[in-house]
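With my numbering as the guide, the letters of the sequence shown map in order to residues 50 to 195.
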Amino acid sequence: MSLDGTYDDANIFALILQGKIPSMKLYEDDTTFAFLDIMPQTRGHALVISKWSKARNLLEIEDEALAQVMATTKKVATAIRKALNPDGIQIAQFNGAPAGQTIFHLHVHILPRWEGDPKGFAAHGAGAMADKDALQVLAEEIRAQF
Ligand code: AMP
Numbered sequence: 050m051s052l053d054g055t056y057d058d059a060n061i062f063a064l065i066l067q068g069k070i071p072s073m074k075l076y077e078d079d080t081t082f083a084f085l086d087i088m089p090q091t092r093g094h095a096l097v098i099s100k101w102s103k104a105r106n107l108l109e110i111e112d113e114a115l116a117q118v119m120a121t122t123k124k125v126a127t128a129i130r131k132a133l134n135p136d137g138i139q140i141a142q143f144n145g146a147p148a149g150q151t152i153f154h155l156h157v158h159i160l161p162r163w164e165g166d167p168k169g170f171a172a173h174g175a176g177a178m179a180d181k182d183a184l185q186v187l188a189e190e191i192r193a194q195f
């Protein structure tokens, strides 16, 4: 999918927001939602989305929704730091399939990073599904830091 197109109300993140598929929630407020990535590229890999914006990418998002998403990104990154003590935190965001975007509801990736670990990011996902119980434990550890 290119940068131009129509928002699909049945995209995976829309379905998570509608409660139609489960997610490992980390944080929620009136306007934003944060949860663990199910194919994490680092331990604690999280995603932040707007609950109301139908922007598919950065070029479409309302300034207000973007500010809300970034404020939540900061909050969640802070909680992840407290929970997991990473050496660095990478914030990533992709626009259009050629840039690595696979889900067309704007989202920000939060990737805790540790010295000595590989620094790469696999466009189009890591490919390996995380263990559900391990993700649950991790989500609880992070949620306890808010
Ligand atoms: P992007 O490549 O920027 O579009 O990122 C989409 C991300 O969503 C990838 O890192 C996927 O692993 C992740 N993902 C896909 N399905 C789900 C899901 N049901 N719950 C949580 N994360 C998901």
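Note that CB positions come from ideal geometry on N, CA and C, so glycine has one too.
task: Return the Cβ separation of residue 129 and residue 161 in integer angstroms, given the expectation that the two are a contact with Cβ distance under 8 Å.
output: 5 Å
Are the region 131-146 and the region 74-81 touching, with three or more C-beta to C-beta distances below 8 Å? no
Notebook entry, point to check: At which residues does the alpha helix (DSSP H) containing residue 80 begin and terminate?
Noted result: Where residue 80 is concerned, there is no enclosing alpha helix (DSSP H), given that its DSSP letter is neither H nor E.
- Task: Drop a sphere of 10 angstroms on the beta-carbon of residue 54, count the other beta-carbons inside from all chains shown, and report buried for 16 or more, exposed for fewer.
- Result: exposed
Please name the residue in 122, 61, 114 and 69 whose C-alpha comes closest to that of residue 75.
122
**Residue environment, residue 178, which counts as buried when at least 16 other CB atoms sit within 10 Å** = exposed
_Counting only beta-carbon separations shorter than 8 Å, does residue 187 have a partner in chain D?_
Although the question refers to chain D, the structure presented lacks it and comprises just one protein chain.
> Going by other Cβ atoms of all chains shown within 10 Å of its Cβ, with 16 needed for buried, is residue 65 buried or exposed?
Replying inline: buried
**OP:** Alpha carbon to alpha carbon, how far is residue 90 from residue 62? Give it in angstroms, no decimals.
**Re:** 18 Å
* Should residue 142 and residue 107 be called a contact, given that it needs their Cβ atoms to be closer than 8 Å? -> yes
Handout entry: Where residue 147 sits in the DSSP three-state scheme
Key = helix
Along the alpha helix (DSSP H) that carries residue 120, what are the first and last residues, could you check? 112-133
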